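The listed protein sequences derive, respectively, from chains H and V.
Plus 129 on top of the position in the first sequence (first one is 1) and you've got the numbering used here.
Plus 129 on top of the position in the second sequence (first one is 1) and you've got the numbering used here.
Idealized CB from N, CA, C, for every residue including glycine.
The structure displayed is predicted, hence computed values, not measured ones.
Okay, structure first, notes after.
2 protein chains.
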Amino acid sequence: MTTLTSREWALASRPVGMPKADDFQMLTSEAPAPADGQIQVRNEWMSVDPYMRGRMMDRESYVPPFQIGEVMQGGAVGRVTASAHADYAVGDLVSSFAGWREAWTAPPEAAMAQKLPQTPIPDSAFLGVVGMPGLTAYAGLLEIGAPKEGETVFVSGAAGAVGATVCQIAKAKGCHVIGSAGGPEKGEFLKSIGVDAVIDYRAHTDAASLTAALADAAPKGVDVYFDNVGGDHLQAAIAVANQGARMPLCGMISQYNATGPTPGPNNMIMAVGKSLKLQGFIVSNYSHLQPQFIKDMSDWIPGGKVQFRETVHEGIDKAPDAFMGLFTGQNLGKMLVKLA
Amino acid sequence: MTTLTSREWALASRPVGMPKADDFQMLTSEAPAPADGQIQVRNEWMSVDPYMRGRMMDRESYVPPFQIGEVMQGGAVGRVTASAHADYAVGDLVSSFAGWREAWTAPPEAAMAQKLPQTPIPDSAFLGVVGMPGLTAYAGLLEIGAPKEGETVFVSGAAGAVGATVCQIAKAKGCHVIGSAGGPEKGEFLKSIGVDAVIDYRAHTDAASLTAALADAAPKGVDVYFDNVGGDHLQAAIAVANQGARMPLCGMISQYNATGPTPGPNNMIMAVGKSLKLQGFIVSNYSHLQPQFIKDMSDWIPGGKVQFRETVHEGIDKAPDAFMGLFTGQNLGKMLVKLA
Chain H
130 MTTLTSREWA LASRPVGMPK ADDFQMLTSE APAPADGQIQ VRNEWMSVDP
180 YMRGRMMDRE SYVPPFQIGE VMQGGAVGRV TASAHADYAV GDLVSSFAGW
230 REAWTAPPEA AMAQKLPQTP IPDSAFLGVV GMPGLTAYAG LLEIGAPKEG
280 ETVFVSGAAG AVGATVCQIA KAKGCHVIGS AGGPEKGEFL KSIGVDAVID
330 YRAHTDAASL TAALADAAPK GVDVYFDNVG GDHLQAAIAV ANQGARMPLC
380 GMISQYNATG PTPGPNNMIM AVGKSLKLQG FIVSNYSHLQ PQFIKDMSDW
430 IPGGKVQFRE TVHEGIDKAP DAFMGLFTGQ NLGKMLVKLA
Chain V
130 MTTLTSREWA LASRPVGMPK ADDFQMLTSE APAPADGQIQ VRNEWMSVDP
180 YMRGRMMDRE SYVPPFQIGE VMQGGAVGRV TASAHADYAV GDLVSSFAGW
230 REAWTAPPEA AMAQKLPQTP IPDSAFLGVV GMPGLTAYAG LLEIGAPKEG
280 ETVFVSGAAG AVGATVCQIA KAKGCHVIGS AGGPEKGEFL KSIGVDAVID
330 YRAHTDAASL TAALADAAPK GVDVYFDNVG GDHLQAAIAV ANQGARMPLC
380 GMISQYNATG PTPGPNNMIM AVGKSLKLQG FIVSNYSHLQ PQFIKDMSDW
430 IPGGKVQFRE TVHEGIDKAP DAFMGLFTGQ NLGKMLVKLA
């Protein structure tokens, strides 16, 4: 048993607006041999996710803020390199919340670690399509959106890790699916996974233009809008929504870097007359769906109904770049950092 | 059997912003003796309601717009004066949708007429607390808001027909109730019906001040917000909402007379992190609750748990004044016009 050296990322300063490289600070620490009840893990993959932007602010939220000078947290997948815990053996694959670092030693519970099953699915997918983003897509779409066969589902951020999974589950449920994403490469990707109509939001610089594009793409109106973006997308979805439409609010990436409050949809009044349901959610409220989610994904992935893409940055030193790239739309599918 | 002369109100022009007297035009017509299958009714009461403002606009909605030059529609209660329909006898009390007029002759179905039961409740209450506004309050609060004992319920437009009923049902369910209304007279009324804390919104001219007042009144946060007002009230409620709060969106009277789109809440992003549910509804989706509603109200009203107030204008010629008064807060409880 040896000590592992771990390069790790701390928050150097709270970002104002778009995060910058010097908001991050690399530290180095040691992951020692495990004491009784602990495991030592070398991370192979770490996740960067839009929600982390919220934890960089000093405000009350559903998760506490990152502290300046302390190593950040996030999803990671790695292998046990030493174990002093009865349930874990060297070589076990574990997911944990001890990302933003190369290695760690801790009791599994303290790192929110879980032993992962042996599957033909690649390890990295446990941070994406069969991990937190996948469950987010599954829970929000099926529990809040509750799409019925033949209905129209509109998804923003459709080429991202959550969005692309939403699109494919909606197709598996027999829906007409419209995806919004930025640029032709993402549009091609969306068509390749079966999305019926693609909106390139970069071609629509105001809400009226986006609304017109959505109305064109959704001649029967929108029954479910899965919101990853907020802002103009939410306003357009409300405008084109059918009576009784459901809108799972998963994230509002258009606003994460706003330096002040941003106006909400200017047509909220339509929510009354159209009997719309707008419902925010966080994936941790839906962990009871995990068994059914894994079961369904185990059908859909090998059967080709759910495909996934990854955008991979190599090496811990690239982690801030990967994170910042989320907000300029640089990822196709799940954004990941490969650590080992 | 005689012909009745009926004075009636048509829309003379579509209001721009706040409705004005010359947007309305009085006509006179005859309600003839009923033909086979028809009834002749003299209206005793007619209702004016905020939702009618929407029907004055030429836009697609859940009910078709009023047409210029045609007599408007709305809730009314009257007595049968002649009948050629087997189910109706002279003297029967009927509710109908044939308001904005003194008398009418039609098949009952065409006027959406219903024979009302003999009760100790005054006739006018069938346009208010045991009518459409009462069912609106009941359905929105209990089905969407789903308040639990001990929770905090915030109601805007709290001294109106819907709002005052919401407040009292919430008290009957054991909740801490905060009501917002304009001016000291309404505040006294709300306290008299058991509301725990009153916010006079006229003392709070911006969203920040209203939010601070709500935070003071709701030290444990808001679990249910019943929205009759929209605008700053909705933004304040989102700011002070607890995790998992429910927000039935019943109306947005602050915006009914807006001449352009008005910005939505600038903190919609909180709906994600707080897992909020914002759900618009219209009472016609909840007619299946009618039997239970009448049963509960028949307990609550005689038992004093639900009291009601009315603001009455006398005579058909006052109907536009009554309607316009809704938007300047002139009503305490249900706004009505007494016709006979």
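*Measure the C-alpha to C-alpha separation of A370(H) and M397(H) and round it to an integer number of angstroms.*
12 Å
> Between E280(V) and V353(V), which are expected to be in contact by the criterion C-beta below 8 Å, what is the C-beta distance as a whole number of angstroms?
Replying inline: 6 Å
Chain H beta carbons: is any one of them nearer than 7 Å to that of A342(V)? no
Notebook entry, point to check: G312(V) and R331(V) look like a contact to me (Cβ under 8 Å); what is the Cβ gap, rounded to whole Å?
Noted result: 6 Å
query: N414(H) by DSSP, collapsed to three states: which one?
result: N414(H) falls in the helix class under three-state DSSP.
Does the CB of A374(V) have a neighbour CB from chain H at under 7 Å? no
Next on the checklist: Under 7 Å, Cβ to Cβ, is there at least one residue of chain V near N371(H)?
Outcome noted: Not an interface residue.
**Study point:** Unbroken alpha helix (DSSP H) run spanning L343(V), endpoints
**Key:** 336 to 346
Exercise for review: Kindly say whether V401(H), judged by its beta-carbon, lies nearer than 7 Å to any beta-carbon of chain V.
Suggested key: yes
field: Beta-carbon proximity check, A287(H) vs L461(H), cutoff 7 Å
entry: no
Close Cβ partners of P144(H) (< 7 Å) along its chain, the five nearest in sequence each way excluded
D152, M185
Cross-strand partners of R375(H) (DSSP beta bridge): V353(H), K406(H)
message: If the criterion is Cβ atoms closer than 7 Å, does the pair V284(H) and G308(H) meet it?
response: yes
Original post:
A326(V) and L343(V): beta carbons closer than 7 Å?
Top reply: Contact check for A326(V) against L343(V) fails: the beta carbons are separated by 7 Å or more.
Original post:
Which partner residues does E439(H) have in the DSSP bridge list?
Top reply: E439(H) is bridged by DSSP to K463(H).
Please report the residue range of the beta strand (DSSP E) in which D329(H) lies.
-> It spans 326 to 329 - the beta strand (DSSP E) in which D329(H) sits, taken as one unbroken run.
Original post:
Buried or exposed: where does K277(H) fall if 16 or more other Cβ atoms within 10 Å of its Cβ makes it buried?
Top reply: exposed
What did DSSP end up calling G316(H) once you bin it into helix, strand or coil?
helix
- Query: Looking only at C-alpha atoms, which of D216(H), W229(H), Q243(H), G274(H) sits nearest to S158(H)?
  - Reply: W229(H)
ask   = Which two residues bound the contiguous beta strand (DSSP E) that contains W429(H)?
value = That residue, W429(H), is in no beta strand (DSSP E); its alpha helix (DSSP H) goes 419 to 429.
- Taking all protein chains shown into account, do 16 or more other C-beta atoms lie within 10 angstroms of the C-beta of D345(H), making it buried, or fewer, making it exposed? exposed
field: Spatial distance of A164(H) from A218(H) (CA atoms)
entry: Rounded to the nearest angstrom, the two C-alpha atoms are 14 Å apart.
- Give me the Cα-Cα distance between S253(H) and K244(H), rounded to the nearest whole angstrom. 14 Å
Practice problem: In angstroms with no decimal places, state the Cα-to-Cα distance between G204(V) and D329(V). | Solution: When the Cα atoms are used, G204(V) and D329(V) turn out to be separated by approximately 30 Å.
Contact set between the region 226 to 248 of chain H and chain V, restricted to residues whose Cβ is under 8 Å from the partner: So nothing in the stretch comes that close.
Notebook entry, point to check: Is it right to say E137(V) is buried, meaning 16 or more other beta carbons lie within 10 angstroms of its own, or is it exposed?
Noted result: buried
*Is T94(H) helix, strand or coil when you go by DSSP?*
Residue 94(H) cannot be examined here, being either before or after the span of chain H that is shown, 130 to 469.
Query raised in the report: Is M227(V) near A240(V), with beta carbons less than 7 Å apart?
Result: A small fix is needed here, since residue 227(V) is Ala in this sequence, not Met. Yes, these two residues count as a Cβ contact at 7 Å.
Go to L455(V), then tell me how far its alpha helix (DSSP H) extends in each direction, as first and last residue. Unbroken run through L455(V): none, as it is neither H nor E.
query = Should C296(V) be counted as a contact of the ligand HEM given a C-beta to heavy atom distance under 6 Å?
reply = For the structure depicted, the ligand HEM is absent and the ligand set is empty, with no information on it obtainable.
Given this structure, state the Cα-to-Cα distance separating P194(H) from N386(H), to the nearest angstrom. 15 Å
So which residues on chain V does S212(H) lean against when the C-beta distance must stay under 9 Å?
Under the 9 Å cutoff, chain V gives no residues; its nearest Cβ is about 36 Å from S212(H).
- prompt: Interface residues of chain H around Q408(V) at Cβ under 9 Å?
  reply: A400, S404, L405, K406, L407, Q408
inquiry  = Helix, strand or coil, according to DSSP, for M241(V) in the structure here?
reply    = coil
**Request:** Please classify L156(H): is it buried, with 16 or more other beta-carbons within 10 angstroms of its beta-carbon, or exposed?
**Result:** exposed
#### Entry: Three-state class that DSSP yields for R182(V) in the structure shown
helix
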